[in-house]
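**Q**
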Amino acid sequence: MPLHRLRLAALICQQFALGHNSNLVKTRRAARDQRRRQRHAAARLAQRNDALAAKLRQQGYLRLNPGYSAELIAALKEGAAFADQPGASVAMGGRIKESVRYIVDPLGKVAALRELLTPELAATVRAWFGSEFRIDSVRMWRIAHVPPEEQNRYHYGNLWHVDGHPLDTLKLFVQISDDAAATGSAFRLLSRTDTRRAFRGGYLDPHHVLGAARRLVNENAVFFDGPPGEVMFVDTDVCLHRAGIPAPGQQRAMVQLIFKPADEAPAAGDYFANVPLDPNVYEGAIA
Ligand SMILES: O=C(O)CCC(=O)C(=O)O
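Under this note's numbering, the sequence shown is numbered contiguously, ending at residue 590.
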């Protein structure tokens with residue numbers, strides 16, 4: 304091969320090697336910077352979620368707007384229609400059966416439910432438990448009006464109560480009805496501190512809320528009456544709470560995710576992969 308061709312080939316090889324090496328250096332630097340950015344972002348997220356979990360622990364509830372898209376909210380509203388579809392749902396009222404209807408297997412019917420657990424919400428759940436977690440059940444239901452003479456009787460959590468779940472249970476309520484405030488149907492609760500006060504000051508049971516406890520539920524209730532897409536974590540075992548009763552002809556729907564602690568994250572990070580059917584939702588059950 305003539306000498307000038309050999310030189311040219313050597314030059315090309317050298318440039319290729321140098322270029323390759325300098326790209327390699329750049330790639331390594333970019334990867335290191337990216338890892339550093341991710342570490343900082345994770346630390347910031349952990350700090351923020353520790354603070355949110357601390358607030359949730361202290362208040363017993365935490366109201367947030369996770370920024371769900373309009374499409375997601377529309378899909379949830381559409382999905383809620385299953386609650387009035389015979390065969391897709393069951394009537395579970397305490398005295399008036401049709402006053403509340405739960406969707407059977409909501410995850411199987413409303414795919415959009417799988418989008419509710421944003422990374423930020425998941426991080427808050429993790430921070431609250433101090434461990435990994437799993438979704439124990441997903442619930443979707445609607446409540447309806449009950450006549451005034453029935454309103455002091457139990458139909459669907461319409462009387463002030465705390466839940467009897469094991470204490471390692473956390474619920475996320477997702478608002479999907481437009482007008483919870485206007486129709487009187489908003490879910491409401493007392494903070495953890497006010498619940499303690501109510502128990503010391505006249506709360507005997509859902510049918511007997513006397514003296515200071517009555518004042519607390521009338522004056523200090525926190526209403527979950529924001530727009531669709533708003534969420535509220537509630538430790539329903541330590542906060543007195545109840546459903547509002549929709550005005551005549553109105554209904555209010557809700558989605559709920561129930562969390563439990565777990566030893567490890569689910570395979571492929573898919574928290575919805577193995578959620579069992581809710582054993583409490585069946586024909587003949589009471590909400
Ligand atoms: O607002 C409701 O429908 C009642 C919910 C409730 O009492 C609960 O999930 O424990």
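We put the CB at the ideal spot given by N, CA and C, even for glycine.
When you compare the CB positions of R555 and A484, do they come within less than 7 Å of one another, or not?
**A** In this structure, A484 does not lie closer than 7 Å to R555 by Cβ.
**Q** Are there 16 or more other CB atoms within 10 angstroms of the CB of L459, so buried, or fewer, so exposed?
**A** The amino acid at residue 459 is misidentified as Leu; the sequence shows Tyr. Result: buried.
**Q** Alpha carbon to alpha carbon, how far is V520 from I479? Give it in angstroms, no decimals.
**A** Taking the straight line joining both Cα atoms gives about 24 Å.
**Q** Taking the DSSP output, what are the residues bridged to Q554?
**A** According to DSSP, which records beta bridges pairwise, Q554 is partnered with A447.
**Q** Please classify N583 as buried or exposed, where buried requires at least 16 neighbouring CB atoms within 10 angstroms.
**A** Classification for N583: exposed.
**Q** Write down the C-beta distance between V449 and S402 rounded to the nearest angstrom, noting that I regard them as a contact closer than 8 Å.
**A** Their Cβ separation, rounded to whole angstroms, is 5 Å, which keeps V449 and S402 in contact under 8 Å.
**Q** Just list the residues that DSSP pairs D508 with in beta bridges.
**A** D508 is bridged to H511.
**Q** Going by DSSP in three states, P422 sits in which element: helix, strand or coil?
**A** Here P422 sits in helix by DSSP.
**Q** Within the present structure, is the beta-carbon of I446 separated from the nearest heavy atom of ligand 1 by less than 6 Å?
**A** At least one heavy atom of ligand 1 is nearer than 6 Å to the Cβ of I446, so yes.
**Q** With L492 and L543 assumed to form a contact (beta carbons below 8 Å), what rounded beta-carbon distance in angstroms separates them?
**A** Right, the Cβ-Cβ distance comes to about 7 Å (below 8 Å), so this counts as a contact.
**Q** For ligand 2, I want to know if D538 counts as a neighbour, meaning its beta carbon is within less than 6 Å of at least one of the ligand's heavy atoms.
**A** With respect to ligand 2, the structure shown offers nothing to examine, as its ligands consist of ligand 1.
**Q** Please confirm whether E435 and A354 have their CB atoms less than 7 Å apart.
**A** Cβ distance not < 7 Å, so E435 and A354 don't count as in contact.
**Q** How big is the Cα-Cα spacing for P422 and A447?
**A** The straight-line gap from Cα to Cα measures roughly 33 Å.
**Q** Just to confirm, does A383 get its C-beta within under 6 Å of one of the non-hydrogen atoms of ligand 1?
**A** Result no, Cβ not under 6 Å from ligand 1.
**Q** Could you check the C-alpha separation between V537 and R335 for me, to the nearest Å?
**A** C-alpha separation (whole angstroms): 40 Å.
**Q** Counting Cβ pairs, one atom from each stretch, are 3 or more of them under 8 Å apart for the stretch 487-507 and the stretch 522-535?
**A** As far as the Cβ criterion goes, the stretch 487-507 touches the stretch 522-535, which means the pair count is three or higher.
**Q** As a quick exercise: from A570, R442, F562 and R342, pick the residue whose alpha carbon is nearest that of L470.
**A** For L470, the nearest C-alpha among the options comes from F562.
**Q** Taking Q416 as the reference, which of G396, I376 and R339 has the closest Cα?
**A** Here residue 416 turns out to be Leu, not Gln, going by the sequence shown. The shortest C-alpha separation from L416 is found at I376.
**Q** For R340, name the three-state secondary structure that DSSP assigns.
**A** R340: helix per DSSP, three-state reduction.
**Q** I need the DSSP call for F619, collapsed to helix, strand or coil.
**A** Only positions 304 to 590 of the chain appear in the structure, and residue 619 is not among them; the question remains open.
**Q** State yes or no: is the C-beta of D466 nearer than 6 Å to some heavy atom of ligand 1?
**A** Yes, the beta carbon of D466 sits closer than 6 Å to at least one heavy atom of ligand 1.
**Q** Run through DSSP, which three-state label would I406 get?
**A** I406 falls in the strand class under three-state DSSP.
**Q** Any contact of the stretch 506-517 with the stretch 378-397, i.e. 3+ C-beta pairs under 8 Å?
**A** The answer is no - the stretch 378-397 does not touch the stretch 506-517, with fewer than three Cβ pairs under 8 Å.
**Q** With contact counted as at least three CB pairs below 8 Å, one residue from each stretch, are the stretch 340-353 and the stretch 424-431 in contact?
**A** Judged by Cβ distances under 8 Å, the stretch 340-353 makes contact with the stretch 424-431, as three or more pairs qualify.
**Q** Beta-carbon within less than 8 Å of F385's beta-carbon, same chain only, minus the 5 sequence neighbours each way: which residues are those?
**A** If we look at F385 and ignore the five residues flanking it on each side, its Cβ neighbours are A391, S392, I406, P409, K412, V413 and M443.
**Q** Within its chain, find whatever has a CB closer than 8 Å to the CB of F575; leave out the 5 residues flanking it on each side and keep chain order.
**A** Cβ within range, chain order: L410, L416, R417, L420, I438 and V441.
**Q** Measuring straight from C-alpha to C-alpha, what distance separates L321 and R308?
**A** Only weak support is given to the placement of L321: the predicted model assigns it a pLDDT of 49, under 50, and the value that follows is read from those uncertain coordinates. Going by the C-alpha atoms only, they are around 20 Å apart.
**Q** Is there at least one non-hydrogen atom of ligand 1 closer than 6 Å to the beta-carbon of A394?
**A** Flag unset: Cβ of A394 not near ligand 1.
**Q** Got a sec: does ligand 1 put a non-hydrogen atom nearer than 6 Å to the Cβ of A588?
**A** No; taking the cut-off as 6 Å, the Cβ of A588 has no heavy atom of ligand 1 nearer than that.
**Q** Considering only the beta carbon of each residue, do R366 and W463 sit closer than 7 Å?
**A** In this structure, W463 does not lie closer than 7 Å to R366 by Cβ.
**Q** Note down the Cα distance separating T472 from W431, rounded to an integer number of angstroms.
**A** If you take the alpha carbons of T472 and W431, they lie about 10 Å apart.
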